[in-house]
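Notes for the one structure printed next.
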Amino acid sequence: MSLAPDYFQKLVESSPDIIIAVNRTGTIIFYNDGARQNLGFTQEEILGKDVLEIYPSSEEARKVMAAMRRGEGGGPGKVCNFETVFKTKNGERIPVAISASIIHDAGGGELGSIGFAKDIRGIRRRDQLATLCEIAIGLSHEINNSLEVLVNQLDLLQKYVGRVATDEEYVVESERLESVDQQLKNIQAITRRIGEMAEGGEYGTKEYHDGRMMADLKMPAAPKAEEDAQPGTGASLEGLRLLVVDDDLGVCCSLKDLLQKERCVVEIAPSGRKAMELLDGREFDLVLSDVVMPDMDGYAVYREVKKERPGLPVVLMTAFYYDKDHVIKRSCLDGLQCVIFKKPIDPDRLKKIILDQCRKEESQRL
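Using the numbering used here, you'd call the opening residue of the sequence shown number 1483 and step up by one each time.
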């Protein structure tokens, strides 16, 4: 069924693609609304003008005509999805895929040509994103393989340092190894984020330098309820039952005051033996113990807690770099997993350590 001429005219004029027809001398004789929207010229500005007005150079125009004459569209005088470049009214160059035909009269003479062109910037961007997605997933996979080796080797190195380092060296080197371990965890989190972004196809950007943009690889913040902004909710210590063990009563009381401000339930023990008595009849979420004490040192406390309450985390604290009784080293070699830090205690670090041991999910949001 053939289309009525007026219907066909409206169909062509309303097409969102660029449709332009030229006569045999290259003068534009038809220019639809899709061309106006894409190129910016009005019909009054472009009709009757040379077709070179929409090309960045005469060479580009000749390249399209040569492709048509070679029949790259499957037949003489035709081109199909041939990639070229058009120039907009404001001078911007846009990549297009053009399908065009040379129009002949009844006697075979050339009357001109008509071309249908599509702005392919969006298509190219999608193709680039698909390629980048494949690269990101492959990169994440390969990095994670290397990270696995590094994590395993770091674990072996930590055990080796524990065996051969002097006590003074161990306190310092263990913190360095802890820092390396944390950075490895950060890299692992970033590679996970890259994989999630690649699979989800969504990502944020931020300005890097001189207006250049870069992907934002930070994990998206978890949505917070209104009450999370209030003290004692969200990533907090509220409700945790803690046992503080130190033969210095001043340290016990100051830590109790500090932790109670975080809405913890705090019991104090001035000795290791008193701590064992409290543990015998009460439930706790964590034990915070001094290393050097007269009756039971920190290692003895840790060993006893491990024996009686295997799942109860213990954090050891010390004011000394020199550990003459090997308490820190022996505890770590015996499986102590938590961070060992030195008095005086930084409140923010103390909170992070306790959260790491008791509430890992909340800790990761800090």
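Every residue gets a Cβ at the ideal spot worked out from N, C-alpha and C, and that includes glycine. All values reported here derive from a predicted model rather than from experimental measurement.
Inclusion of Ala-1599 and Phe-1568 in the CB contact set at 8 Å is warranted, their separation being smaller than that value.
In this structure, the alpha-carbon of Arg-1831 lies about 10 Å from that of Leu-1837.
The C-beta of Gln-1664 has fewer than 16 other C-beta atoms within 10 Å across all chains shown, which makes the residue exposed.
By the Cβ test, the region 1716-1728 is in contact with the region 1765-1774, since at least three Cβ pairs between them sit closer than 8 Å. Within the same chain, Cβ atoms closer than 6 Å to the Cβ of Gly-1597 are found at Ile-1502, Ile-1580, Ala-1582, the five residues on either side in sequence being excluded. Leu-1638 and Leu-1632 have their alpha carbons spaced roughly 10 Å apart. According to the DSSP assignment, Gly-1594 belongs to the beta strand (DSSP E) that extends over 1592-1601. In the structure shown, Asn-1572 adopts coil according to DSSP, grouped into three states.
Nearest Cα to Pro-1829 within the set Asp-1739, Met-1550, Val-1662, Gly-1559: Asp-1739. The region 1509-1571 is shown to contain whole beta strand (DSSP E) runs of 3 or more residues at 1510-1513, 1560-1569, in chain order. Three or more beta-carbon pairs separated by less than 8 Å link the region 1501-1516 to the region 1526-1537, which places the two stretches in contact. Within its own chain, the residues whose Cβ lies closer than 8 Å to the Cβ of Arg-1518, once the five positions on either side in sequence are excluded, are Thr-1524, Gln-1525, listed in chain order. Taking a C-beta distance under 8 Å as the contact criterion, Ala-1549 and Val-1561 qualify as a contact pair. In the structure shown, Arg-1723 falls within a strand segment according to DSSP collapsed to helix, strand and coil.
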